[in-house]
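A.B. asks: What the sequence shown shows, in the working numbering, is residues 149 to 554, in sequence order.
We put the beta carbon where it would ideally sit given N, CA and C, even for glycine.
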Amino acid sequence: MRLLISFAALFLSVILLQLSSSGVGPLDVLSGTVLGFSNGQIGLLGSAHFFGFFIGCWWAPRLMGTVGHSRAFAVFTATGAIGLLAHMLLIDAYAWAAMRVLTGLCIAGSLTVIEAWLQAKATNENRGRTLGIYRMVDTGGQFAAQLMIGVLAPASYASYNLLALLCCAALLPLTLTRLKQPEAQGTPRLRPSLAWRLSPLAALGVLVAGLSGASFRMTGPLYAAQVGLQPNEIGLFLAAVVLGGAFMQLPAGWLADRYDRRWVLIWFSAASIVSCAITVAVPSLGAIGIFIAAALFGATTFPIYSISAAHAHDWARDDQRIELSAALMFCFAAGAIVAPLTTSALITTFGPAALFYFVSAAHVGLIVFGLLRMRRRAPSDTRMPYIWIPRTSFLVGRLFRKSNDD
Numbered sequence: 149m150r151l152l153i154s155f156a157a158l159f160l161s162v163i164l165l166q167l168s169s170s171g172v173g174p175l176d177v178l179s180g181t182v183l184g185f186s187n188g189q190i191g192l193l194g195s196a197h198f199f200g201f202f203i204g205c206w207w208a209p210r211l212m213g214t215v216g217h218s219r220a221f222a223v224f225t226a227t228g229a230i231g232l233l234a235h236m237l238l239i240d241a242y243a244w245a246a247m248r249v250l251t252g253l254c255i256a257g258s259l260t261v262i263e264a265w266l267q268a269k270a271t272n273e274n275r276g277r278t279l280g281i282y283r284m285v286d287t288g289g290q291f292a293a294q295l296m297i298g299v300l301a302p303a304s305y306a307s308y309n310l311l312a313l314l315c316c317a318a319l320l321p322l323t324l325t326r327l328k329q330p331e332a333q334g335t336p337r338l339r340p341s342l343a344w345r346l347s348p349l350a351a352l353g354v355l356v357a358g359l360s361g362a363s364f365r366m367t368g369p370l371y372a373a374q375v376g377l378q379p380n381e382i383g384l385f386l387a388a389v390v391l392g393g394a395f396m397q398l399p400a401g402w403l404a405d406r407y408d409r410r411w412v413l414i415w416f417s418a419a420s421i422v423s424c425a426i427t428v429a430v431p432s433l434g435a436i437g438i439f440i441a442a443a444l445f446g447a448t449t450f451p452i453y454s455i456s457a458a459h460a461h462d463w464a465r466d467d468q469r470i471e472l473s474a475a476l477m478f479c480f481a482a483g484a485i486v487a488p489l490t491t492s493a494l495i496t497t498f499g500p501a502a503l504f505y506f507v508s509a510a511h512v513g514l515i516v517f518g519l520l521r522m523r524r525r526a527p528s529d530t531r532m533p534y535i536w537i538p539r540t541s542f543l544v545g546r547l548f549r550k551s552n553d554d
C-alpha cells in the first residue's frame, strides 16, 4: 500500500493520459464516418498517430535532458490538448492527420517521462510490484477509454473537449507530486539494425505485432460499424480485445518460460490466424458472438510483442538491452504506421473482412519465417524471464532491465 501511495500521482497521470489518447482513435473513426471521410482518410489518421508516437519516443529523452522531466511532461500534454481541441475547429481529414501526430507525440512523450521517473525512483526491492501496478493502470486506462466511446457523440466539440480536459488533468498529479524530479540520464541510441542482428525472428515478430495491433486499434471501429454494431457496442467490441489480451499474458508467460520461445511464437501466430477466421465468420451470430471473437483476437495477438521481445533479449548482452528495446519499438512503430493505411484501403476494396485477411497474411509470413529460422540456429542457452512489456516508449527497456537482472 505504501508503494501504491508513493507512486499514486504518476499512476493517476497514466490513467488520465490513456483515457484521453486511447479514446481519440475510435472517436476519430466514428466522427470521420459521420463527416464523410473516406476509408483511406480514416486510415491515414491512425498512421499519423503512430508517426507522432514514434517521434515522441525519440524526442522525449532528449527534451528531458534539456528542460527536465516536469517541463517536458507539460510540453507533451499541452501538445496533445492542442491536437484534440483543434479537431472541431478545422474539419478536414488531412488537418486531422496533423492533429493526430500531435496526440501520438503526446502519449509517447508523456509516458516516456513517467517511465523515466519510475525507473529512477523504484528500488530493486519494489521494482516488480511497481511494474505490475504500472501495467495494470496502463491497461485499465485503455480498457476504460474504449467503454467511453458509447457516450462520446461523434463529430462533437463536447466529446473532443472532454478528451482534452482529461489530457490537461494529467498534468495535475505529476506536477503536484512530492517525489523529487530525477536527474536526466543518457538517451539510448536508436539502432534498428540491432534487433535484426540479434534476432531476425524477434524483429519480424514485433513488426507483425505492430501490424496486427494498429490495424485493429485504428480501423477496428470501421470494421465494427460496417458489420452493424452501434456506437455503444463498438466500445464493448474494442474493450473485449484489451481484456482478452490482458488475461492471456500470464499463460503466455508460463509457456514462453518453459518451452522454446520460437515454437510459442509460431503457435500464437497460428492461433491468431484461427481467431481472425472466427471473427470473420461470427457477425451473423450477433453482438455477443462478435465480442467473444474480439476477446479471442486480443488473447492471441497481444502476447506476440512480449514473446518476441523476450526472445530477442535472450540473445542480448546486459549493455545492449536498452538499445535493443529502442530498436524493437522502432520495428513495432514501423508496422503500426503502415497498417492503418493499408487495412483501410483493403476494407474499401474488399469489404470489412479484409482487415482480418491482412492480419492473417502477416501471421502466415511470421510462421514461415519462424520455421526457417529454427533451421538456421539452435535456441539460446540464456533465457531471460518473460515480462509483459507495455508498448509505450523506448525507455521501457531501462525500466525493465533491473527487473530482469534480479
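S360 and T449 look like a contact to me (Cβ under 8 Å); what is the Cβ gap, rounded to whole Å?
C.D. replies: The Cβ separation is near 5 Å, so the contact holds.
A.B. asks: Can V412 and I455 be called in contact, C-beta distance under 7 Å?
C.D. replies: In contact: V412 and I455 (Cβ atoms closer than 7 Å).
A.B. asks: If you draw a straight line from the C-alpha of T225 to the C-alpha of R521, how long is it?
C.D. replies: Roughly 43 Å separates the two Cα atoms.
A.B. asks: Quick one: what does DSSP say T497 is sitting in, helix, strand or coil?
C.D. replies: Three-state DSSP puts T497 in a helix.
A.B. asks: Closest to L514 by CA distance: which of L158, I452, T427 and M284 is it?
C.D. replies: Answer by Cα proximity: I452.
A.B. asks: Are the region 185-204 and the region 253-266 touching by the rule of at least three beta carbon pairs closer than 8 Å?
C.D. replies: The region 185-204 vs the region 253-266: in contact.
A.B. asks: Looking only at C-alpha atoms, which of D408, L444 and I438 sits nearest to V422?
C.D. replies: Of the candidates D408, L444 and I438, the one whose C-alpha sits nearest the C-alpha of V422 is L444.
A.B. asks: Answer yes or no: do C315 and S417 have a C-beta to C-beta separation smaller than 7 Å?
C.D. replies: Contact: no.
A.B. asks: Can you give me the start and stop residues for the alpha helix (DSSP H) that G570 sits inside?
C.D. replies: Nothing can be reported for residue 570, as the shown portion of the chain is limited to 149 through 554.
A.B. asks: Using DSSP with H/G/I as helix, E/B as strand and the rest coil, what is P399?
C.D. replies: It is helical.
A.B. asks: In whole angstroms, give me the CA-to-CA distance for Y282 and F159.
C.D. replies: If you take the alpha carbons of Y282 and F159, they lie about 7 Å apart.
A.B. asks: Since F450 is in the alpha helix (DSSP H), which residue starts that stretch and which ends it?
C.D. replies: Segment: none, F450 is in no alpha helix (DSSP H) and carries neither H nor E.
A.B. asks: Cβ of G280 within 7 Å of Cβ of L250?
C.D. replies: The answer is no: Cβ separation not under 7 Å.
A.B. asks: Express the C-alpha separation of L164 and A351 in angstroms, rounding to a whole number.
C.D. replies: Roughly 31 Å separates the two Cα atoms.
A.B. asks: Identify which residue in A312, V375 and A404 has its Cα closest to the Cα of S170.
C.D. replies: The shortest C-alpha separation from S170 is found at A312.
A.B. asks: Check D240 in the structure and name its three-state DSSP category.
C.D. replies: The answer is coil: DSSP assigns D240 none of H, G, I, E or B.
A.B. asks: By the 10 Å Cβ neighbour count, where 16 or more other Cβ atoms means buried, how is A475 classified, buried or exposed?
C.D. replies: The residue is buried, with at least 16 neighbouring Cβ atoms inside 10 Å.
A.B. asks: Of the choices A447, G446 and E471, whose alpha-carbon is the least far from that of A457?
C.D. replies: Minimum Cα distance to A457 is reached at E471.
A.B. asks: Under a three-way DSSP split, which group does P488 fall into?
C.D. replies: It is helical.
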